[in-house]
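Q:
There are 4 protein chains.
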Amino acid sequence: MATKTGKQYLEELKATRPNVYMNGEKVDNIWEDPRFESTQKILAMNHDFVFEEAHKDVAIVQSPQVNEPIRRITNHVQTTMQDSLLKLDLTRDIANRRICAWCGTNVISLVWVATWETDRKYGTEYHQRLKRYVELSQKNDWDSSLAKMDAKGDRSVRPAQQKNYPGVRVVKKDAKGITVSGCKVHTSYGPCCPIMTIMPCRAMTEEDKDFAVSFWIRTDTPGISQIAKPSPNADHIDLPMQCPMSNAFGVVEGTTFFEDVFVPWEQVFLCGEYDMAGLYPHYFGTIQRQSKCSCLAGHSDLVAGIAALVADVNGVLGKSHIQDKLTHCAQMAEVAQACAFGAGAAGKLHPSGVFMPDPLKVNAGLNYIKDLTGEHIQMLHDIGGGAIVTMPTEKDYRDPRLKKLLDFTLAGNDKYSSEERIRALYLCRELAATEFTGYYMGWGVNASGSPHTGKILVRSLYDLDYRMGIAKEWAGIGDSRPWPGHCNTNKVWAGN
Amino acid sequence: MATKTGKQYLEELKATRPNVYMNGEKVDNIWEDPRFESTQKILAMNHDFVFEEAHKDVAIVQSPQVNEPIRRITNHVQTTMQDSLLKLDLTRDIANRRICAWCGTNVISLVWVATWETDRKYGTEYHQRLKRYVELSQKNDWDSSLAKMDAKGDRSVRPAQQKNYPGVRVVKKDAKGITVSGCKVHTSYGPCCPIMTIMPCRAMTEEDKDFAVSFWIRTDTPGISQIAKPSPNADHIDLPMQCPMSNAFGVVEGTTFFEDVFVPWEQVFLCGEYDMAGLYPHYFGTIQRQSKCSCLAGHSDLVAGIAALVADVNGVLGKSHIQDKLTHCAQMAEVAQACAFGAGAAGKLHPSGVFMPDPLKVNAGLNYIKDLTGEHIQMLHDIGGGAIVTMPTEKDYRDPRLKKLLDFTLAGNDKYSSEERIRALYLCRELAATEFTGYYMGWGVNASGSPHTGKILVRSLYDLDYRMGIAKEWAGIGDSRPWPGHCNTNKVWAGN
Amino acid sequence: MATKTGKQYLEELKATRPNVYMNGEKVDNIWEDPRFESTQKILAMNHDFVFEEAHKDVAIVQSPQVNEPIRRITNHVQTTMQDSLLKLDLTRDIANRRICAWCGTNVISLVWVATWETDRKYGTEYHQRLKRYVELSQKNDWDSSLAKMDAKGDRSVRPAQQKNYPGVRVVKKDAKGITVSGCKVHTSYGPCCPIMTIMPCRAMTEEDKDFAVSFWIRTDTPGISQIAKPSPNADHIDLPMQCPMSNAFGVVEGTTFFEDVFVPWEQVFLCGEYDMAGLYPHYFGTIQRQSKCSCLAGHSDLVAGIAALVADVNGVLGKSHIQDKLTHCAQMAEVAQACAFGAGAAGKLHPSGVFMPDPLKVNAGLNYIKDLTGEHIQMLHDIGGGAIVTMPTEKDYRDPRLKKLLDFTLAGNDKYSSEERIRALYLCRELAATEFTGYYMGWGVNASGSPHTGKILVRSLYDLDYRMGIAKEWAGIGDSRPWPGHCNTNKVWAGN
Amino acid sequence: MATKTGKQYLEELKATRPNVYMNGEKVDNIWEDPRFESTQKILAMNHDFVFEEAHKDVAIVQSPQVNEPIRRITNHVQTTMQDSLLKLDLTRDIANRRICAWCGTNVISLVWVATWETDRKYGTEYHQRLKRYVELSQKNDWDSSLAKMDAKGDRSVRPAQQKNYPGVRVVKKDAKGITVSGCKVHTSYGPCCPIMTIMPCRAMTEEDKDFAVSFWIRTDTPGISQIAKPSPNADHIDLPMQCPMSNAFGVVEGTTFFEDVFVPWEQVFLCGEYDMAGLYPHYFGTIQRQSKCSCLAGHSDLVAGIAALVADVNGVLGKSHIQDKLTHCAQMAEVAQACAFGAGAAGKLHPSGVFMPDPLKVNAGLNYIKDLTGEHIQMLHDIGGGAIVTMPTEKDYRDPRLKKLLDFTLAGNDKYSSEERIRALYLCRELAATEFTGYYMGWGVNASGSPHTGKILVRSLYDLDYRMGIAKEWAGIGDSRPWPGHCNTNKVWAGN
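Protein chains in written order, with my numbering: chain A, 1 to 496; chain B, 497 to 992; chain C, 993 to 1488; chain D, 1489 to 1984.
1) By how many angstroms is the C-alpha of Ala15/A removed from the C-alpha of Ala860/B?
2) Starting from Arg1911/D, find everything on chain C with Cβ-Cβ shorter than 8 Å and list it in chain order.
3) Since Ser1551/D meets chain B, which of its residues come closer than 8 Å, beta carbon to beta carbon?
4) Do three or more CB pairs link the segment 246 to 259 of chain A to the segment 224 to 235 of chain A at distances below 8 Å?
5) Here's the rule I'm using: 16 or more other beta-carbon atoms within 10 Å means buried, otherwise exposed. How should Phe532/B be labelled?
6) Would you check if there are 3 or more beta carbon pairs closer than 8 Å linking the segment 867 to 878 of chain B to the segment 1356 to 1372 of chain C?
7) For the beta strand (DSSP E) that contains Lys1619/D, what are its first and last residues?
8) For Ile456/A, which residues from the same chain have a beta carbon less than 7 Å from its beta carbon, with the 5 sequence-adjacent residues on both sides left out?
9) Within 8 Å of any Cβ in chain A, is that where the Cβ of Val1791/D sits?
10) Please state whether the Cβ-Cβ distance between Gly940/B and Lys866/B is less than 8 Å.
11) Considering Glu1258/C, what are the terminal residues of the beta strand (DSSP E) in which it resides?
12) Could you check what DSSP says for Ser605/B in three-state terms: helix, strand or coil?
13) Kindly say whether Gly908/B, judged by its beta-carbon, lies nearer than 8 Å to any beta-carbon of chain C.
14) Quick one: Cα of Lys1892/D to Cα of Ser145/A, how far?
15) Are any of the Cβ atoms in chain C nearer than 8 Å to that of Ala836/B?
16) Can you confirm whether Phe753/B, when its beta carbon is compared against all beta carbons of chain C, has any partner nearer than 8 Å?
17) For Gly433/A, which residues in chain D fall below 8 Å Cβ to Cβ?
18) For the alpha helix (DSSP H) that Leu586/B lies in, which residues bound it at each end?
19) Which residues in chain B have a C-beta closer than 7 Å to the C-beta of Ser1597/D? List them in chain order.
20) Alpha carbon to alpha carbon, how far is Leu1262/C from Gln1032/C?
21) Give me the Cα-Cα distance between Arg1112/C and Gln1054/C, rounded to the nearest whole angstrom.
22) Can you confirm whether Lys968/B, when its beta carbon is compared against all beta carbons of chain A, has any partner nearer than 8 Å?
23) Which chain A residues are close to Tyr2057/D, counting only those with a beta carbon under 7 Å from its beta carbon?
24) Against Cys295/A, what residues of chain D qualify as contacts under a CB-to-CB distance less than 8 Å, listed in chain order?
25) In chain D, which residues lie less than 8 Å from Ala387/A when you measure between Cβ atoms?
26) Report the rounded CA-to-CA distance for Leu1949/D versus Arg1090/C, giving the unit in angstroms.
27) Can you check the segment 641 to 694 of chain B for any beta strand (DSSP E) of at least 3 residues that lies completely inside it and give the ranges in chain order?
28) For Phe1203/C, does the three-state DSSP call read helix, strand or coil?
29) In the DSSP assignment, what residue or residues form a beta bridge with Leu1341/C?
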């Protein structure tokens, strides 16, 4: 059975013994360490939610690869527009309710495309290997982390031009496999995953070819060490009232060092075909950012809900300026989700069989919603008020004498008890005024690619020449052909 | 043959002799009057473009009603998601190239839905009549104008509560038909159309029932008078260089007075079923605004193209601040179009057979792009520079001595002749610094409904309670049910 | 008596007979030509308002140069912070009530500074000549136009590097004076002024030295021709109801050609001292933009007032979303005016005796308000509604039968008659939906310098290194000096 | 000597033994407790910086009350425009370098005004008492905290209408003094101050008169308990590299409970004169918000500096998109400071002798910069990149093996060592991605009054009627008086 419950999955995970450091010390056993507990909770939740009544019809899908039910968002290869839209709808709802939907489907699908293109050009066998990996992942119901971003050194020069480019490179090849060294950064969940997928983060030239490498690997393979950045507010997981989100949910972030790590050929998806390296960030920037757009729609929903709740406990939910702000937040969410859907509706089928959204609409939509991340947090301060910064802590509230004073003092809208108001303020505080805020902002601003990258893509994908041509014809400049016409619709439907 | 060329269509139009006033005087024959020439040009263009190579596959569609090829954007009843997306793609391109795509399909489709619902509730026969009208319109390849907005009097009270509500009302009914009086405003193209479709602009109560009326009518029916607001820059249609857009294209706007106008029952779609009146603005606000969203995407494209051209003739197209502004404009266009597509992808099939987009995404997307109308014009001033306000006129340029001075003086990027630079500046000037600007702004800000209406709809359609429920569960407020889940996907696909 | 009434001034103007073209034809006598009438009205108004009760204490000031009362905004040399603030307060109010306050004081003051600096470096006598010119201008109560901007050719290369740079250059020098040729653009009011002040528009190098020239001249000097761009809506000055602003007020814009024009040395302020050329745009960009900031504050006030009026005639002034928009507009006005005042408060006394505002605050404030120009116009459409684009014309309203229909139909809030509502809508329409809109936008976006220029100045004037130094010290990077401190206050007060 | 060094001041503070709780436990001795150490550092800094070479001329001022040098920002009564501008200049620089300038001058000055007005109306002696308090504060070089904001209960009803309004009220009066009970919230620094000033936070009616109370008090008076919210990142004061700001600087926030606290009449500034209660928030909202505007200008400078540094260590400082963002940040800072200065330049002298800024400009300017708080943090994420969320901790970096890996991996621009880059990223991280972020946002969004309050003030202070009057005259509505004129300048100068 390819879909495991969270409990089953966590049980199996214990066999994985990755080499992990946190705060300068080696972690004995991450599965027993309380600092990794909230990350394990989110791992489990992502296995469990697919069985919920509201979702199961779409969250579980029959795999054509292994002919078993699998989790759509994590292990499905996306082949139709409908796949794409169902994924987005689920993603938004899970992001709203659990922050992260773990959209592994995108990684599997993009490597499917990239290996297919590489094989077609080079006659290699990467695509067959990828298919075998997909079958393994589906059958085992794995969650793989994604190690894409190199530590980059001096960003103004190419990898090969740097004396000590710190990214991952191939240092040896032989009949059995390859040996790699170097560092990947920003690997969400990495330390708690059994599997890691490595891929290039940029286009490359011939001289960079040692860096053109992609593969999957078990995280407890010798030579791999990970430094785990603690999940947000990990220091406060003993404070469930004050830190409700970080108690329900956590993401450790990994920095991964490869020191002469051996990878058998069976696990390698790219090795030296430097002109194929750029396909990885290219397709990542298309399919993954579509999910990110829905993810940030869900985060807007989250902000709208928390803002509405805190306005209600403060007794001001009905005020017109509050309603305006909430409507503005709703609108952000809907525009983002509409863009994700629209990119799906304008997508097409790649010859490898994967359905790809329209990258221009994906990036335009994601740029739109990324730019509003700061506004989200600001709105929570605006509606939550100064209390979210200055109010006493949960430990104060546990003291019986202080509790009595605070219950009297912090009463608000009498639909709610003082404790309920305090709980709502703490929730707002956690999202807007703690270390969690930093993660929220990071997930909005930089996750799935920086804002500047998105803008460059819009610039390069938009057909400005066509529009200048129309302007020239209005102005009567140049040859006066009748207007040429430019309708994407045929292409839109090519793949369906 | 149901699709006529522009020439054929204009020829036939001459049989229509509407009662039209302009600037305080009755117009003898609008078909010969030069002030109506640019409007006739756009009428003709909307018939001709469907035959263009680039468009014809999608712009012409086989009608299931009359089993003949018809113009998709004008006379097709929209029944599938694909219909919706094809319409949007065409709309954006035509709006970019000709300002207005004349999206009559939306009116036909929404009256289809409204009459179907009215019949189902009241056992009336409006839907059959509407079908016969659709057949007529398709066979004759008509363009109907839409007279929806009442002159509203005091907006703070309902029609029936005003002593003299000036909107259209039924003043008499008999076996043959109804007699109506009152005024409709904002009827684009009205004076140049053979047919007008009248419908309610608001929800009504029983006391308003005389105003609950919808019908189609020939515009030269006795009792109808129209005041035509001249098309933009109509005073300057002798200046093709200075006013290139208004020479190629024009829209007269009509204010229509009904003075005891008789309408046979065969043409009536609603009469007194007051609780059905609100269906008209409701479905208009869904299906029409989706097209408006694409229309404004096309206008953003237009602005991007003109701005790029004027930057190029000024020699600054490559500057990073110019490129940033153009990318911003491209992004606006793509977000708007993505929202229109996304609303289509999230739409569903109405039981009457019409495919309706998702109204929440429609309104969120349209609000987004409406809000940027002022920025468009400002960008043209920014990039065009002061010259678009201060430069000499075409009449100056026609004078040989001044032309010589100006050719010397106004030279710019030497890729272009002085005349070409001047033409580009005039084009930018027309869009950004003349009466045309007023129309452009009006089409952006108020056409298809005011910004405030759109915001009210987002507020009412967004499920804020669900999001507050999630916030309560994070905060541990109230009963601690497991998260409920909220996935629209099933509904999304219900109609497909 | 140095302050003339408008009537006296216009009477005297008739002696000036400039060589002016409009729409390709030479204008016989601009003082009799109706197309120049509204510009003459504004000329007269700028002489008359200083005698109004509300203003006269500050609008008239005793000149230290000629020891007579003069108009502060037009002919005063600014020597104190109080001068600066009084000017700004007047400017905002006049801009609100009459669009343009004619701030000649800035030109006089900046040439005062520039000639003083040139003389100090080169031992020339320009400053004495300027003083004599100032005395003449004050005694005659002249209004000089400003011809600063060259026609620029290819903006990517310097004047001397262009084969045919069309700007003004010295073509001959002899004992009596200089001879100049070339073209200046964007000269507001030029054709209706007796005097024109010419100055460089950019910094120059040695090879550009022929273009480094400044002087004053009578506009009817042989060799000068001006093309007058008609004032906004000049075609409609017979429609006082429909075009109330352009009937009360007009600005012709001039393009001025110098063809071998002789200028006696007595009138020359700069000739060949190329390294001084940049002082002109530099000080212009400081003192003139401070007035522009107040001018745009006044325009925001104008928009707020018109928007409030049209909301009131429509019966929606009290709605919360309308109030929010009006408050937003009020805030724009106050921020702009506060920035202008703040730049004054942070200004200092130049050793030549002129009080100069702080250029960093000037440019930051002006950038702020310029960026909101599009929003102003958009707000008028939003609040005015579609009627401002589609409503019948004044000529329709003059027809008795149509008037009756329109009076019935266009009634609104019953505090106002239909005619009053129509008048308010026409006013809103003129500002937001006619050629006037183009001028309004131009005055906001490009007048006194382009938005990009302002941003470059903020970048260059802001002490970012100091702030990076503070960041380094927080981070413990580099030598750990105690924080250095950086207080401008002493400098601020140096000049007072 | 009235200006003490930080060391002297801290030494004296030890005599104060307030009753303080933190995290549910009574704090033994706050002066020895490490969790209060960073707050003591900022107390000391605010005493020390006045002696810095760069500041001392303006930071120390001779008191007319006690005829001794005192700290301008903390204890000076502001009596001239120059006082106001010097204060603002200092405030911005200290806010840039130390986050908080401790602007007690505003509290002293506003109570000066409020007591003067109360005495004038009621013949009371509050003003004399306030003067004696000012002398005490100046002579002792005290820093008083400000306890203004009541815990408010249900915000939709007035204090007296609530069953249990939790704010501070008078429960007893006798010949010697008054007895008060209730709670004040948001008292920055409160637990570490020897003195607290209490004042009303809202306008009141007769039935609220028990809440109309103001006084000063020693914080160790019996009956007072404070709950101290720990200063930001107080948990990490052992990590100077990772948390450089919170190690140099801290603010504990206090919630203060008064349980039958006796206050002698000598310390009382208001008691029962309910119609005077509103003066406190009114003048606070004027004079304090002017400083807040400069404070946020300084914070913008801080963000600009950190963003520039992190861009530089990442090797991208010269990129045009980075420069644009930094310029935008510079502009925000300058607009805010210009507004503060402008409000000073438009201020006037209150008859009590205090110089008050213009409240309209103050609130417009503060609204402007408050609205940009989220953008500041977003920009730091944008420029800092994902590393500020995912990078390893200082404890990792202290481990020799990991340090070696990280030094190799995190190298950037080679102008900087890896450690310097890491330090810059930590600094950026602390401001943008930790609990410090919450404080930063709170200081921006809510400190000195909520955004909504500011907007209400702009609405009420702006003379919209005057602008509607001008619009009516343009439109020819109503009586056609000549334009009336409206120049504030006379009033502006009345007080100078």
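We treat Cβ as the ideally placed atom computed from N, Cα and C, and that holds for glycine.
A: A quick look at the data gives this:
1) 48 Å
2) Ala1467, Gly1468, Ile1469
3) None at all; the shortest Cβ gap to chain B is about 51 Å.
4) yes
5) buried
6) yes
7) That residue, Lys1619/D, is in no beta strand (DSSP E); its alpha helix (DSSP H) goes 1614 to 1628.
8) none
9) Not closer than 8 Å to any Cβ of chain A, the Cβ of Val1791/D fails to qualify, so no.
10) Yes.
11) Unbroken run through Glu1258/C: none, as it is neither H nor E.
12) helix
13) Interface residue, yes.
14) CA-CA distance, Lys1892/D to Ser145/A, rounds to 25 Å.
15) no
16) Closer than 8 Å: yes.
17) The question names Gly, but residue 433/A in the sequence shown is Ala. Glu1923, Thr1925, Gly1926, Tyr1927, Met1929, Gly1930, listed in chain order.
18) DSSP places Leu586/B in the uninterrupted alpha helix (DSSP H) bounded by 577 to 594.
19) Ordered by position in chain B, no residue passes the 7 Å Cβ test against Ser1597/D, which lies about 42 Å from the chain.
20) 31 Å
21) In this structure, the CA atom of Arg1112/C is about 28 Å from the CA atom of Gln1054/C.
22) yes
23) The question about residue 2057/D has no answer here: the residues shown for chain D are numbered 1489 through 1984.
24) Here the premise fails: no neighbours, minimum Cβ distance about 15 Å.
25) Val1673, His1674
26) Roughly 23 Å separates the two Cα atoms.
27) DSSP runs (the beta strand (DSSP E)) wholly in the segment 641 to 694 of chain B: 665 to 669, 673 to 684, 691 to 694.
28) helix
29) Phe1347/C, per the DSSP bridge assignment.
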